[in-house]
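Letter 104 of the sequence shown, counting from 1, is numbered 114 in the working numbering, and no numbers are missing.
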Amino acid sequence: METILEKLQANNIQPSFQRIKLLELLDKKREHMNVNEIYDELIKEIPTISKTTIYNNLKAFVEKGIVQCLTITPYEMRYDIDTTPHYHLLCKKCNKVFDVNAKCKNTEALNTEGHVIEEIHGYFKGICKWCLSKERQI
Ligand SMILES: [Zn+2]
Ligand SMILES: [Zn+2]
11 METILEKLQA NNIQPSFQRI KLLELLDKKR EHMNVNEIYD ELIKEIPTIS
61 KTTIYNNLKA FVEKGIVQCL TITPYEMRYD IDTTPHYHLL CKKCNKVFDV
111 NAKCKNTEAL NTEGHVIEEI HGYFKGICKW CLSKERQI
């Protein structure tokens, strides 16, 4: 697997300390974080970092295909370092986003009529198993 440094260099992105830390965080905590959550983590290590810098770097990563952004919630973007096609589940209780393994008949039978599809996003909404087990204990 490519290292973070190699990923940045391969995409002609200057591997600054902040960019490396940002990608390391997304790689370590695969929680589909939004900008605020990413900021709250990075500020612990980089007190000078701003949300604008984080947002701009994420935007560049998305454009280069290093990171994918999810619009599973209408009011924010979530970021995922796993850019392979996979589906997501939003828990309506805790608002966390999880990867789900699902086979989709609609995409298997897809007729693109000559169009090129580069991304497939599948969003599921429900209650995660952790929230369900909490409810059962009450
Ligand atoms: Zn939950
Ligand atoms: Zn994901």
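For glycine and all other residues, C-beta sits at the position ideal for the given N, C-alpha and C.
- Query: Taking the continuous beta strand (DSSP E) assigned at Cys-141, which residues delimit it?
  - Reply: For the purposes of this step, residue 141 is taken as residue 131 along the sequence shown, with counting starting at 1. Under the DSSP assignment, Cys-141 falls outside any beta strand (DSSP E), being part of the alpha helix (DSSP H) whose first and last residues are 139-147.
- Message: Quick check: the Cα distance between Asp-90 and Asn-105, rounded to an integer number of angstroms?
- Response: For the purposes of this step, residue 90 is taken as the residue at position 80 of the sequence shown. For the purposes of this step, residue 105 is taken as the residue at position 95 of the sequence shown. When rounded, the distance between both Cα atoms is 15 Å.
- C-alpha distance - His-98 paired with Thr-58, whole-angstrom precision: If you number the sequence shown from 1, residue 98 lands on position 88. If you number the sequence shown from 1, residue 58 lands on position 48. Distance between the alpha carbons of His-98 and Thr-58 is about 33 Å.
- Message: On the CB-based measure, 16 or more other CB atoms within 10 Å of its CB, does Ile-4 come out buried or exposed?
- Response: In the structure as shown, the chain starts at 11 and stops at 148, and residue 4 therefore has no counterpart that could be examined.
- Quick one: any contact between the segment 57-77 and the segment 27-36, if contact means 3 or more CB pairs under 8 Å? yes
- Message: Can you give me the C-alpha to C-alpha distance between Ile-14 and Leu-35, rounded to a whole angstrom?
- Response: Translated into the one-based positions of the sequence shown, residue 14 becomes position 4. Translated into the one-based positions of the sequence shown, residue 35 becomes position 25. Roughly 11 Å separates the two Cα atoms.
- Would you say Lys-103 touches ligand 1, meaning its beta carbon is less than 6 Å from a heavy atom? Here residue 103 refers to the residue found at position 93 of the sequence shown. Checking the Cβ of Lys-103 against ligand 1 gives yes.
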